[in-house]
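Novice: This structure is in structure tokens; I'll ask about it shortly.
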Amino acid sequence: MNIRKIAYRVLRKLEKDKRFPTEEVKDALSRMGERERAFFKELVWGIMRRQIYIDWLLNRYLENPEIPPGVRVVLRIGTYQLLFMDSVPSYAAVSESVKLVENGNFRKLVNAILRRISKDGIRVPKEIHLKYSHPKWIYEELLKWGSIAERIMEDHLKPLPVVLRVNTLKVSRKSLMKRLLESGIEVRETDHSPVGLVVRYNGDFSKFSPVKDGLATVQGESSQIVTFILDPKPNSRILDLACGMGGKTTHMAEYTRDSSDILAIDDSSEKIETLLDNCKRLGIRSVRTAVMDSKRVSDVFKEKFDYILLDAPCTSLGTARKNPDVLLTTKPDGPKKMGKIQLEMMEVAYKLLRSGGKLIYSTCTFTQDESTYIAEEITRRHENLKSLDIRKALEGMKIDYLWDGYGALLLPDGNTLTEFYISAFCRV
Ligand SMILES: C[S@@+](CC[C@H](N)C(=O)[O-])C[C@H]1O[C@@H](n2cnc3c(N)ncnc32)[C@H](O)[C@@H]1O
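Following this note's numbering, the numbering of the sequence shown begins with 18 at its first residue and continues without gaps.
Okay, here's the thing in structure tokens:
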């Protein structure tokens, strides 16, 4: 199996469609052994992380930067191996890349440029966003949060270890950790989430026995924090307005000991199907689902809820460590567009929240249009919707954050916590 060729195909597709080919990658990974998987992941994810920087560097060497897109993809593959992968000898990085060039007229050029880059090594651009391989507009969004911008961009360059959320309906974190250690898996507790485990495992997680047997769910540490902030009590009525595959829905079910009545809604039937599979896997019975546009839920459901979670569709820029393609495919008008949808969903959440009920609005991003602006606007529109101060709860979990007066942007801790915006409200 030629891993570089598969990487080329994936990156070429990303370049062409401006969309990460998730299904193709999943399929390719399932056919790889452990070492091949690790090499492929380092190459593809590493290139996406460094692509903006690599393109800047390549343009220093190209007399005419207008080369065929496939040739540029090969040059990125070669450059990444030369500058960022110690495991690949330079001669192999160059010769294997030249073999990937489909258009024979460009082999000589690729060979010459890669040899020069191999000799010259890393060069540092003056512009800070290029140094950290970010689009300028994303850097400018980060700057709105102040001097933290550079730290966040630097954090995005590091791979993100996989975190599991322990299913406390079936097992405690301590005993699952003990079991994993006994079977030779490197594992440690997360620093902030009380139910997280950081595991070192290169295989397919859907076949990993604790996940397969319903003892745990793969879920980022920041996502795990949301349920602790919502803090739903057992036997309550809970609405999840954008449940996706149920990462947070199932957490809320575990948190309330499967005693609540949880209505989970998403407009994707595939995601709802996966959520139902997840409930079965985890032994959860307290979730009912509906496939529909959440913006219309209040026309259909008249009941009021004690707790509502709107983990809103967003640009997902805070997931850049896990999905670095977001830095390459998100358009500058994305935050405004998503913000508009989020505000409509928040109106629905407001309508369905009972008096005294608690609402969480969260996004896995950091743009103002998808955080502060929405929290500010919804409280401005509704006098009886009060913003709750969640700072103590975050500090209780030793989380570093920036507070905007309504909610908090969780900050990366250099380990497994990544940016996430969380705000809480109460209807009085
Ligand atoms: C951030 S994701 C949710 C992730 C999920 N809460 C979790 O923890 O796994 C946002 C979800 O909103 C859904 N969505 C987007 N627009 C929607 C709409 N108008 N109505 C219902 N769901 C929508 C998407 O399908 C996506 O699953």
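Yeah, the Cβ is synthetic: ideal placement off N, Cα and C, and Gly gets one too.
#1: Comparing alpha-carbon positions, which option in I134, E167, L370, L186 lies nearest A270?
#2: Throw me the rounded Cβ distance for the I242 and L428 pair, which I believe falls under 8 Å.
#3: Let's test the definition: count the other Cβ atoms within 10 Å of the Cβ of W420 and tell me whether it reaches 16, buried, or not, exposed.
#4: What's the gap between the Cα of G374 and the Cα of K224?
#5: Between S404 and Y423, how many whole angstroms is the CB-CB distance? I'm expecting something under 8 Å.
#6: Regarding K312 and ligand 1, is the C-beta to nearest heavy atom distance less than 7 Å?
#7: Could you pull the DSSP bridge partners for Y378 from this structure?
#8: State the Cα-Cα distance for the pair I255 and I279, rounded to the nearest angstrom.
#9: What three-state label does DSSP hand V365 in the structure shown?
#10: Under the criterion of a Cβ to heavy atom distance below 7 Å, does G351 qualify as lining ligand 1?
#11: Whose C-beta lies closer than 8 Å to the C-beta of D172 among residues of the same chain, with five residues either side of it excluded?
#12: Closest by CA to L181, which one among S276, Y218, T346, K368?
#13: Bridge partners of Y149, per DSSP?
#14: Please state whether the Cβ-Cβ distance between I391 and L360 is less than 8 Å.
#15: To the nearest angstrom, report how far apart G263 and R26 are at their CA atoms.
#16: Using the Cα positions of T347 and K353, report the straight-line distance between them to the nearest angstrom.
#17: Looking at ligand 1, does it come within less than 7 Å of I282, judged from the CB to the closest heavy atom?
#18: To which residues of the same chain is S107 closer than 8 Å at the C-beta, ignoring the five residues directly before and after it?
#19: Looking at ligand 1, does it come within less than 7 Å of P86, judged from the CB to the closest heavy atom?
#20: Flag this pair as yes or no: are the beta carbons of T380 and S372 separated by less than 8 Å?
#21: Mapping DSSP to helix, strand and coil, what is E41?
#22: F442 to A281, Cα distance in whole Å?
#23: So the alpha helix (DSSP H) Y418 belongs to, where does it begin and stop?
#24: Keeping to the same chain, check which residues put their C-beta closer than 6 Å to that of L60; ignore five residues upstream and five downstream.
#25: For L154, tell me which candidate among G351, I416, M362, G413 has the shortest Cα-Cα distance.
#26: If you measure from the CB of S440, is any heavy atom of ligand 3 nearer than 7 Å?
#27: State the Cα-Cα distance for the pair L247 and L92, rounded to the nearest angstrom.
#28: Taking 8 Å as the threshold, find out whether the stretch 311-320 comes into contact with the stretch 290-300 through three or more Cβ pairs.
#29: Mapping the DSSP letters down to three states, classify L117 as helix, strand or coil.
#30: Is it true that the stretch 226-245 meets the stretch 202-211, where meeting means three or more beta-carbon pairs spaced less than 8 Å apart?
#31: Where does R52 land, buried or exposed, given buried means 16+ other C-beta within 10 angstroms?
#32: Please confirm whether any heavy atom of ligand 1 lies closer than 7 Å to the CB of A259.
#33: Please list the terminal residues of the continuous beta strand (DSSP E) segment that includes A233.
#34: To the nearest angstrom, how far is the alpha carbon of M355 from that of P330?
#35: Does chain C have any CB closer than 8 Å to the CB of E400?
#36: Can you give me the start and stop residues for the beta strand (DSSP E) that E203 sits inside?
Specialist: Once the coordinates are examined:
#1: L186
#2: Wrong, their Cβ atoms sit about 12 Å apart, outside the cutoff.
#3: exposed
#4: 39 Å
#5: 5 Å
#6: yes
#7: L327, S440
#8: 5 Å
#9: helix
#10: no
#11: R338, P429, G431, T435
#12: Y218
#13: The partner list for Y149 (beta bridge, DSSP) is empty, contrary to what the question assumes.
#14: yes
#15: 31 Å
#16: 12 Å
#17: yes
#18: L99, S135
#19: no
#20: no
#21: helix
#22: 20 Å
#23: Segment 418-420 is the beta strand (DSSP E) holding Y418; no alpha helix (DSSP H) there.
#24: A24
#25: Residue identity differs from the one stated: residue 154 is Trp in this sequence, not Leu. The shortest Cα separation from W154 among G351, I416, M362, G413 belongs to G351.
#26: Ligand 3 is absent from the structure shown, which contains only ligand 1.
#27: 47 Å
#28: no
#29: helix
#30: yes
#31: exposed
#32: yes
#33: 233-235
#34: 7 Å
#35: Although the question refers to chain C, the structure presented lacks it and comprises just one protein chain.
#36: 203-206
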